[in-house]
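Read through the structure below, which is laid out as structure tokens, and then see the notes.
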């Protein structure tokens, strides 16, 4: 009976087969002892942070950014509403020929040389400043001209140097407003009777803009955990391997963007982008002889071959950047006299090049502030990726120990299976925009983005990647 | 083994870790039995091994087999366990080993699974023989790799493997004669 299982020259194989499916349990109560020695859940929470660090950090940044934007927006809206209400009241008073004169003892006022109180504050709302007027002219004229000037989108007007300090001092307490128009009624020389500060309109016109941008980034990649199947079991499901890019790739995006100011200080931006790059990666399938299907048998494992090379077909699925591929390799024994076991690892390392073409659609919210020709913006949002192409080419293959080599180097290796359709990135940018004139502006924005895709089309984790780069472009405002 | 159990085990959830343990305990205990001198040592190795597995589980990259990764951790722990006891330094010459009469209890019992009988024979081997035999035959390492892992020469690895094999063959042959 024993002889059937103990071929004299193949003892190793017999022992391996004997252990193949054999299992034995430790003594009862073993788990209870083990459980007592395992660290508690809070201690392993560090492992969670370690694993999901990027996502946690990104979520925190988004939360802080969103909260800041919303709080800022509410604060600004509240202030503007208050000021508009005050302006309306002021206008009504003036239209009823009821000049605004500060007669409150605690109301701040500015003095002007040789003229009493050239700038006075509205008695009920110190946020409003009305410059004094020469006697004889009704103040309603000033208001009408101010309204006209606003409608014509007047830009800043220099105020007279002699009263500038007083005016600036008066408006200093209103510094939270984004931009002030100092409007002037457009009378002939000598008839300008007053200057009025208006807190209503910021200089920047709300409106549409479009632009062409380019982003050059460095992409680094981190492999996520694979949705595990028991791949080591060669009787089990097909082996699934993920490729890993060791190098940081240089990636270029080309954008046509359009934006619209949706509120003071806030802009929505979208557009269309195109990205193309070559992803160089490698993977190690960790195959053993037993994972292959023997196609030419000249001896097999455990003994030297007789008269030819043993050949095996190895098949596995490769998860790549934006899809999955079937890999089929035929490997042949190099030294026909060399012994090898069924458990012999092939130690394969394959290098691949993927040409990835992606259509990208950004959805961004920008919060901006600025003075003069400069505007500073903080942007955040998402980029939807539509993968157009993901062509994979195996550029190199090596086998450790040189026991096996590819049977025919000209055989096709990669067979395209499917390309993932969609992906999603989260993006943050902070930058500056400089106005060349009323229409054109240039911008430069350091950007950072990270992928949110969890699984590819093969239900395996898509590679997690981060990109850091610089976005430059030209915007045209309508 | 589902992804949920794996993730929950990484988070340290005890029920998931128990599921994880139940999934692998049978196979991994056999690994420990193969390396250990006896069942008690094997349980010590298994306990240390699972503590290490749960401690490092978040480092599992997913590129290969989870069972392969767990087995690698268990084997490493088993080797460290043996090194601690300085058993791997034992390179007893096989020529000097006689199969003692009291080793008859190691002979195969035909009514038991062959793996159980082989474990019994492995337990009778010197630690050096047993370790090299395990690494070469059952883990698939080359002698060069074994030499690096154990800090011995390649020729020592080959010698110990051949002697262990001869010992195994001798024990199996003796069982056939009795």
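Residue numbers (this note's numbering), protein chains in the order written: chain A, 26 to 503; chain B, 2 to 179. Positions of the beta carbon are idealized from the N, C-alpha and C atoms, including for glycine.
Item: Contact residues within the stretch 52 to 63 of chain B, judged by C-beta distance below 7 Å to chain A; Value: 52, 55, 59, 61, 62 and 63
Item: Euclidean distance between Cα positions of residue 144 (chain B) and residue 240 (chain A); Value: 52 Å
Item: Distance between residue 292 (chain A) and residue 394 (chain A) (C-alpha atoms, nearest Å); Value: 11 Å
Item: Neighbouring residues, chain A, relative to residue 18 (chain B) (Cβ below 7 Å); Value: 63
Item: Near-chain B residues of the stretch 300 to 316 of chain A - C-beta to any C-beta below 7 Å; Value: 311 and 313
Item: Where residue 359 (chain A) sits in the DSSP three-state scheme; Value: coil
Item: Spatial distance of residue 70 (chain B) from residue 315 (chain A) (CA atoms); Value: 18 Å
Item: When B:23, B:79 and B:3 are compared against residue 136 (chain B), the one with the closest alpha-carbon; Value: B:79
Item: Closer than 7 Å to chain B by CB, residue 51 (chain A); Value: yes
Item: Residue 294 (chain A), DSSP secondary structure in three states; Value: strand
Item: Close beta carbons around residue 428 (chain A), own chain, < 8 Å, minus the five adjacent residues each side; Value: 358, 359, 360, 363, 365, 369 and 371
Item: Residue environment, residue 29 (chain B), which counts as buried when at least 16 other CB atoms sit within 10 Å; Value: buried
Item: CB of residue 375 (chain A) within 7 Å of CB of residue 411 (chain A), strictly; Value: no
Item: Beta carbon proximity, residue 48 (chain A) to chain B, threshold 7 Å; Value: yes
Item: Where the beta strand (DSSP E) containing residue 474 (chain A) begins and where it ends; Value: 465 to 476
Item: Distance between beta carbons of residue 27 (chain B) and residue 45 (chain A), contact taken as under 8 Å; Value: No, residue 45 (chain A) and residue 27 (chain B) are not in contact; Cβ-Cβ is about 13 Å, not under 8 Å.
Item: Buried versus exposed call for residue 31 (chain B) [16 or more other C-beta atoms within 10 Å across all chains shown]; Value: buried
Item: Chain B contact for residue 349 (chain A) (CB, 7 Å cutoff); Value: no
Item: Beta carbon of residue 476 (chain A) nearer than 7 Å to that of residue 417 (chain A); Value: no
Item: Other residues of its chain near residue 51 (chain B): CB distance less than 7 Å, five sequence neighbours each side excluded; Value: 22
Item: Below-7 Å beta-carbon distance, residue 339 (chain A) vs any chain B residue; Value: no
Item: Near-chain A residues of the stretch 134 to 145 of chain B - C-beta to any C-beta below 9 Å; Value: 134, 137, 138, 139, 140, 141, 142, 143 and 145
Item: Residue 246 (chain A), enclosing beta strand (DSSP E) - first and last residue; Value: 233 to 247
Item: Residue 115 (chain B) to residue 309 (chain A) span [Cα, whole Å]; Value: 34 Å
Item: Burial state of residue 232 (chain A) (16 or more Cβ within 10 Å); Value: exposed
Item: Proximity test, Cβ basis, 7 Å: residue 9 (chain B) and chain A; Value: no
Item: Contact with chain A by residue 167 (chain B), beta-carbon distance below 7 Å; Value: no
Item: Straight-line Cα distance separating residue 353 (chain A) from residue 380 (chain A); Value: 20 Å
Item: Reference residue 460 (chain A); option with closest CA among A:469, A:452 and A:454; Value: A:469
Item: Terminal residues of the beta strand (DSSP E) in which residue 408 (chain A) lies; Value: 399 to 424
Item: Residue environment, residue 472 (chain A), which counts as buried when at least 16 other CB atoms sit within 10 Å; Value: buried
Item: DSSP state of residue 350 (chain A) mapped onto helix, strand, coil; Value: strand
Item: Residues of the stretch 270 to 289 of chain A whose Cβ lies closer than 8 Å to any Cβ of chain B, in chain order; Value: none
Item: Contact with chain B by residue 360 (chain A), beta-carbon distance below 7 Å; Value: no
Item: Chain-ordered neighbours of residue 445 (chain A) on chain B, where CB pairs are closer than 8 Å; Value: Here the premise fails: no neighbours, minimum Cβ distance about 17 Å.
Item: Enclosing alpha helix (DSSP H) for residue 85 (chain B) [first to last residue]; Value: 67 to 85
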